[in-house]
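Asks: Have a look at the structure that comes next, please.
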Amino acid sequence: MFRFPIYAAFFVSFSLNAILSTPPATAETWTDLTGKFSVDAKFTGVEGKNIVLVKQDGSRVSVPIAKLSPESRAQAKSLYQQMMAGKGDTPQNDAANKPSTSASSRSLGFAPPQVPATAPMQEFPDNLSVKETIDFVEKQVKAGHPEVFWYMMPQEMRDTFNNPRLRNAVNPFVDQQSQTKDQFEPLVFKFVEVLVTKKQFVLGSEWMQQIPTEFATAVNQGYDPVVGIVYELADLGFSVDLQERSIKEIIDTHGPRIGAHLSVLLTTLPAEKVDSIFHDLTVEMVDETHAVVRPATAEEDVSGMSQQTEMVLVSGRWVFKSVFDAWKELEEKLESGSFEKEMQEKQTLASEQAQQTQMMAGMMTATAKGLLDSLLAAETQTEFDDALRPLAAMIPPSISFSQNAEESDTPMNFDMADGQQDTVEMTMDSEPSYDIPDGPAPEGWSMDLSNVEIPQTPASGVFAGELITIAEARFENRILHLQDQKDQFDANALIVFLFLDEGESVAGKSFDITPATGFGSPHVHQRFNTGNNSKTEMFMDEYAMRLEFGQTSNGTLPGKIYVCLPNKSMLRGTFEATIEQ
Amino acid sequence: MSETRWYELRIWSAIWMLPTDEKYGGWAASGEIDIMEMKGQEPNIVLGTLHYGDNWPRNAYSGDQYKLEEGSFADDFHVFSIVWKPGKIDWLIDGKRYQTQTKWSTSGADFPAPFDQEFHLLLTVAVGGNFLGSPDATTEFPCQMQVDYVRVYQ
Numbered sequence: 000m001f002r003f004p005i006y007a008a009f010f011v012s013f014s015l016n017a018i019l020s021t022p023p024a025t026a027e028t029w030t031d032l033t034g035k036f037s038v039d040a041k042f043t044g045v046e047g048k049n050i051v052l053v054k055q056d057g058s059r060v061s062v063p064i065a066k067l068s069p070e071s072r073a074q075a076k077s078l079y080q081q082m083m084a085g086k087g088d089t090p091q092n093d094a095a096n097k098p099s100t101s102a103s104s105r106s107l108g109f110a111p112p113q114v115p116a117t118a119p120m121q122e123f124p125d126n127l128s129v130k131e132t133i134d135f136v137e138k139q140v141k142a143g144h145p146e147v148f149w150y151m152m153p154q155e156m157r158d159t160f161n162n163p164r165l166r167n168a169v170n171p172f173v174d175q176q177s178q179t180k181d182q183f184e185p186l187v188f189k190f191v192e193v194l195v196t197k198k199q200f201v202l203g204s205e206w207m208q209q210i211p212t213e214f215a216t217a218v219n220q221g222y223d224p225v226v227g228i229v230y231e232l233a234d235l236g237f238s239v240d241l242q243e244r245s246i247k248e249i250i251d252t253h254g255p256r257i258g259a260h261l262s263v264l265l266t267t268l269p270a271e272k273v274d275s276i277f278h279d280l281t282v283e284m285v286d287e288t289h290a291v292v293r294p295a296t297a298e299e300d301v302s303g304m305s306q307q308t309e310m311v312l313v314s315g316r317w318v319f320k321s322v323f324d325a326w327k328e329l330e331e332k333l334e335s336g337s338f339e340k341e342m343q344e345k346q347t348l349a350s351e352q353a354q355q356t357q358m359m360a361g362m363m364t365a366t367a368k369g370l371l372d373s374l375l376a377a378e379t380q381t382e383f384d385d386a387l388r389p390l391a392a393m394i395p396p397s398i399s400f401s402q403n404a405e406e407s408d409t410p411m412n413f414d415m416a417d418g419q420q421d422t423v424e425m426t427m428d429s430e431p432s433y434d435i436p437d438g439p440a441p442e443g444w445s446m447d448l449s450n451v452e453i454p455q456t457p458a459s460g461v462f463a464g465e466l467i468t469i470a471e472a473r474f475e476n477r478i479l480h481l482q483d484q485k486d487q488f489d490a491n492a493l494i495v496f497l498f499l500d501e502g503e504s505v506a507g508k509s510f511d512i513t514p515a516t517g518f519g520s521p522h523v524h525q526r527f528n529t530g531n532n533s534k535t536e537m538f539m540d541e542y543a544m545r546l547e548f549g550q551t552s553n554g555t556l557p558g559k560i561y562v563c564l565p566n567k568s569m570l571r572g573t574f575e576a577t578i579e580q
Numbered sequence: 000m001s002e003t004r005w006y007e008l009r010i011w012s013a014i015w016m017l018p019t020d021e022k023y024g025g026w027a028a029s030g031e032i033d034i035m036e037m038k039g040q041e042p043n044i045v046l047g048t049l050h051y052g053d054n055w056p057r058n059a060y061s062g063d064q065y066k067l068e069e070g071s072f073a074d075d076f077h078v079f080s081i082v083w084k085p086g087k088i089d090w091l092i093d094g095k096r097y098q099t100q101t102k103w104s105t106s107g108a109d110f111p112a113p114f115d116q117e118f119h120l121l122l123t124v125a126v127g128g129n130f131l132g133s134p135d136a137t138t139e140f141p142c143q144m145q146v147d148y149v150r151v152y153q
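So the protein sequences, as listed, match chains H and A.
At position 326 of the first sequence the residue is numbered 325 (numbering that gives the first Met the number 0), and the sequence of numbers has no breaks.
At position 96 of the second sequence the residue is numbered 95 (numbering that gives the first Met the number 0), and the sequence of numbers has no breaks.
Shown next as C-alpha cells:
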C-alpha cells in the first residue's frame, strides 16, 4: 500500500536541480548559435521556450533558447534563476480539484476523461496514533485523496520540500530535455486518445479475448478509471513546470484528480482485496517515537527480510522513516550549501541522459506515431485488430497468456466464443524474429562512414527495433564486448572480434569498416536476449563500423563506436572497457 | 582457433586435428589433437585431449575438461584454441588456458613425435556413438553446430 506509484511520483518531484546566484545585470549582449547575430538588450524573463528581451529602444524581442549561443544560454540561465530566487514563495492555496492548468495549454483531439466528483480532503489531524494515522490515510485514499501522503507530513517537512530553492532551480535551459518532452508528449496523448475514443475496440480486441472470463468483468469495470489515471499521470508528467507552480500546488491540483479515478478503481476491486491491503497490518512500537508497520501475514522472503515500513513521530505526526531520512538529508544539504553543487552534477548527468533518450526517441517516434494513427483511424473491430497486429510482434513473449503445467498447478480454462469449454494454450512465438524490421532504418543509420559523428554519450542504439543502452564494456581475449546488462552472460550484446595478432595492442588504434572492406573485416556478433536463451546473428562483412580506441589507463580502455548492421540495427557512442585477460 | 555453439542430447560436436601423413603409423600412433569435444547431454563441459602411443588398442591418451560456471556452451559463442609449440600444447577457452600437455610418446620415434608433423583440422557433428550413447526420442533434430570462424596463426 505504501508504495503507491502516486506517492512515488510526488517524491520524484523533490529531486530537483539547483540555483547559482550571480550579480544582476542591466543590459547584456546576446548572441545566437551561428555567431552572426548579436543584440544588446535586457533580460526580462522566459515565455515557454523563449527568452524575452527588451532592447534599448524599448522594443521587446522573443528569442528561442535553442537558438542562443552556449554563452548566452548560460547567461540567460543565471539571470533567470536569479530572478526566480528573488521572487520568494508563491502564495499557497489549499483549494483542491482546481482545473488542471496544463490541459488548457495542450490541444487535444478528444475530451479528456471526466474527473469523478469527490469531496475535499479532510484536514490531517495532529497527534494521531500510528494506527489512527494509517486509518486516516486509508480513508482519504479511498475517498480520492492520495495527496494525503503529502499532508501527513508536519508543516516543517512540507515547508522544506516546498522550499523555493528547490523548485526555482528547475532549469528550462536544458533544451535537450524539453525536446524529448516535445517528442513524447503528442505520442502519449495520442495513446490516451486511442484508449478514450476506441474503448469498445480496445475491449473487443483479440488481446482482450485472451483474458480469462473471471477477470473480464473487472477489466470492463476498471477500464474507465484506469484510463483516467493514465491520462492524469500523463498530464502531471508533462506539466511539471515548477517555475509556475509550487510542489504543493502541483500536488493539490493533480492529487485529487488522480485520486478521484483511483477511488472509483478501488470500488471495482473485490472489497476483501482492498481491505486486506489496509487492515492486515500490525504495528509494533519500538519506542515512543518509532514504530514498525508490517503486513500481518508477512512471510520472510528468501533474503530473510520481511516487508515492513518504519515510521517515526515528528511534531505530532507519524511519517515514513524513508521520507523523514530524505527530509533530514535535504535539510542538511540546504544548510551546508552542498545541495547546489550536488544538484548541478545531477543536472549535468540528466542532461547527458536526456540527450541519449532523445536520440533513441527520434528513432522510434515515427513508428509509434504511425501505429497509433492507424489505431485511431480504425472504424471497425477488424481494422483495429489489424492495426494492432504489428504491435503484438514487438511484445516480448513473456507477456503472453500462456499457462503451462510447469508454471501453474491449475491449467487455465478459457470460455470459448461458441460457449464450449476448452483448454487452449496461448503462446506467442517463443523464438522472436530478428528479421529486418518493417519501416525505415533508425535515424542516423548509414553504411557510409564519411559523415559519421560519434556522439559523446554512452553507447546506445537499436537492436532490430529494440532500444538498448550499453551498461557494460569489456575487452577480453582481444574481443570487445558491449552489453546492455552488467554481469549477465546472455544480455543483449555486440561482440567485436578484432583478430589481433598475439601481443598486438589496440590502444590509440581506429578501425573503419565498410561493406567494401570485405573479407578480413572484424566479425561482429549481435546477441539478442530472448528471455530464456539467447540468439546470435553473425556479421562477417557487409556492415559498417567505426571503432576508435583511446589510451589505456588504470585497466580501462576508452573508446568510441559507430556500428550499422544490415538488419537496421545500430549502436553509437562512447564506452569505457575494462581490460580482462 | 574457432568460435562455436551447439545444442542437443546425444550429439557429439568436436573440433579436432589428425595427422595428414600418418608417418608413425595408424591411429593413434601418429597422434590426434582434440581441440574441443562436447557431449550434448553435458552441455556445460568440453574436453581437450591428446591421443598418441601406438596403434590401437595399444594407444594412450591424456587430457582435461573445462566446466562452465553458469549456463551451457549452447548459450553463446566461445573461442576454442590451442597453442602448439614444440613439446608443449596449451588448450584455451575464451583466451583462458585451462590445460597444458608436455608429455606424450609414440612407439615409432622420439619426443616430441608424433606431434612434430603436419596435422589438419576437422570440424564435426556426430550423432550417437560409444562416446555418448545412441540417440533416442529426446534427441531433437535438426541440430546444429554454428561456427563463425576458424583461424590459424603461424
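C-beta atoms are modelled at their ideal positions from N, C-alpha and C, and glycine is treated no differently.
Let me check understanding here. Comparing Cα to Cα, which of 456(H), 529(H), 549(H) lies closest to residue 571(H)?
Replies: Selected option, being the one with the closest Cα: 456(H).
Asks: Which term fits residue 212(H), buried or exposed, when burial requires 16 or more other beta carbons within 10 angstroms of its beta carbon?
Replies: That one is exposed.
Asks: Please classify residue 36(H) as buried or exposed, where buried requires at least 16 other C-beta atoms within 10 Å of its C-beta.
Replies: The residue is exposed, with fewer than 16 neighbouring Cβ atoms inside 10 Å.
Asks: Can you tell me the Cβ-Cβ gap for residue 282(H) and residue 129(H), rounded? I've got them flagged as a contact below 8 Å.
Replies: So it is a contact: roughly 5 Å between Cβ atoms.
Asks: Under 8 Å, do residue 52(A) and residue 34(A) count as touching if we go by C-beta distance?
Replies: No, the Cβ-Cβ distance between residue 52(A) and residue 34(A) is not below 8 Å.
Asks: Could you tell me the alpha carbon to alpha carbon distance between residue 292(H) and residue 135(H), rounded to whole angstroms?
Replies: Taking the straight line joining both Cα atoms gives about 15 Å.
Asks: Would DSSP call residue 149(H) helix, strand or coil?
Replies: Helix at residue 149(H).
Asks: To which residues of the same chain is residue 108(H) closer than 7 Å at the C-beta, ignoring the five residues directly before and after it?
Replies: Result list for residue 108(H): 192, in chain order.
Asks: Verify whether the separation of the beta carbon atoms of residue 524(H) and residue 535(H) is less than 8 Å.
Replies: For residue 524(H) and residue 535(H), yes; Cβs fall inside 8 Å.
Asks: Give the secondary structure of residue 290(H) by DSSP, where H, G and I count as helix, E and B as strand, and everything else as coil.
Replies: Strand at residue 290(H).
Asks: Using DSSP with H/G/I as helix, E/B as strand and the rest coil, what is residue 371(H)?
Replies: Correct three-state label for residue 371(H): helix.
Asks: Is there at least one Cβ from chain A nearer than 8 Å to residue 109(H)'s Cβ?
Replies: No - not a single Cβ of chain A is within 8 Å of the one on residue 109(H).
Asks: Could you check if residue 248(H) is buried or exposed, using at least 16 other CB atoms within 10 Å of its CB as the buried criterion?
Replies: Buried, since its Cβ has 16 or more Cβ neighbours within 10 Å.
Asks: Check for me: the beta strand (DSSP E) holding residue 478(H) runs from which residue to which?
Replies: Looking at the DSSP string, the run of the beta strand (DSSP E) that includes residue 478(H) is 478-482.
Asks: Using the Cβ count rule (16 or more neighbours within 10 Å means buried), how would you classify residue 569(H)?
Replies: Buried: at least 16 other Cβ atoms inside 10 Å.
Asks: Of all the options 494(H), 543(H), 261(H), 48(H), which has the alpha carbon lying nearest to the alpha carbon of residue 232(H)?
Replies: For residue 232(H), the nearest C-alpha among the options comes from 261(H).
Asks: Report yes or no: do the region 491-500 of chain H and the region 12-24 of chain A share at least 3 C-beta pairs separated by less than 8 Å?
Replies: Touching, no.
Asks: Check each candidate in 451(H), 470(H), 554(H), 500(H) and name the one with the smallest Cα separation from residue 546(H).
Replies: If we check each option's Cα against that of residue 546(H), 451(H) comes out closest.
Asks: Could you check which residue in 484(H), 473(H), 476(H) has the C-alpha nearest to that of residue 467(H)?
Replies: When only C-alpha atoms are compared, the closest one is 484(H).
Asks: In the DSSP assignment, find the unbroken alpha helix (DSSP H) run with residue 129(H) in it and report its ends.
Replies: Unbroken alpha helix (DSSP H) run through residue 129(H): 129-141.
Asks: Does DSSP put residue 428(H) in a helix, in a strand, or in coil?
Replies: The pLDDT assigned to residue 428(H) is 36, lower than 50, so where the model puts this residue is not dependable, and the model offers no usable value.
Asks: When we look at the beta-carbon of residue 152(A) and count the other beta-carbons within 10 Å, is it buried (16 or more) or exposed?
Replies: It is exposed - the Cβ of residue 152(A) has fewer than 16 other Cβ atoms within 10 Å.
Asks: For residue 152(H) and chain A, any beta-carbon pair shorter than 8 Å?
Replies: It does not: the Cβ of residue 152(H) has no partner Cβ on chain A nearer than 8 Å.
Asks: Could you tell me the alpha carbon to alpha carbon distance between residue 94(A) and residue 475(H), rounded to whole angstroms?
Replies: Looking at the two C-alpha atoms, the distance is approximately 8 Å.
Asks: Between residue 69(A) and chain H, is there a C-beta pair that is closer than 8 Å?
Replies: It does; some Cβ of chain H falls within 8 Å.
Asks: Verify the CB distance criterion: does residue 537(H) have a CB-CB separation below 8 Å to chain A?
Replies: Output row for residue 537(H): interface = yes.
Asks: Within a Cβ cutoff of 7 Å, which residues of the same chain sit near residue 153(H), ignoring the five residues on either side of it in sequence?
Replies: Correct list, in chain order: 313, 314, 315, 316.
Asks: Report yes or no: is there a C-beta of chain A within less than 8 Å of the C-beta of residue 521(H)?
Replies: Chain A contact via Cβ: absent.
Asks: For a cutoff of 8 Å on Cβ pairs, would you count residue 480(H) as touching chain A?
Replies: Chain A, which has no Cβ nearer than 8 Å to the Cβ of residue 480(H), makes this no.
Asks: Run through the DSSP bridge pairs and tell me what residue 47(A) is partnered with.
Replies: Answer is 63(A), bridged to residue 47(A).
Asks: Would residue 432(H) count as contacting chain A if we go by Cβ distances under 8 Å?
Replies: Note that residue 432(H) has pLDDT 46, beneath the 50 cutoff, so the model's placement of it is unreliable and the number below is only indicative. By this cut-off, residue 432(H) is not an interface position.
Asks: Give the secondary structure of residue 108(A) by DSSP, where H, G and I count as helix, E and B as strand, and everything else as coil.
Replies: Strand at residue 108(A).
Asks: Does any C-beta atom of chain A lie closer than 8 Å to the C-beta of residue 527(H)?
Replies: Not an interface residue.
Asks: For a cutoff of 8 Å on Cβ pairs, would you count residue 141(A) as touching chain H?
Replies: It does not; no Cβ of chain H falls within 8 Å.
Asks: Using three-state DSSP, classify residue 147(A) as helix, strand or coil.
Replies: Three-state result, residue 147(A): strand.
Asks: Can you grab the Cα-Cα spacing for the pair residue 68(A) / residue 75(A), in whole Å?
Replies: Cα to Cα, residue 68(A) sits roughly 13 Å from residue 75(A).
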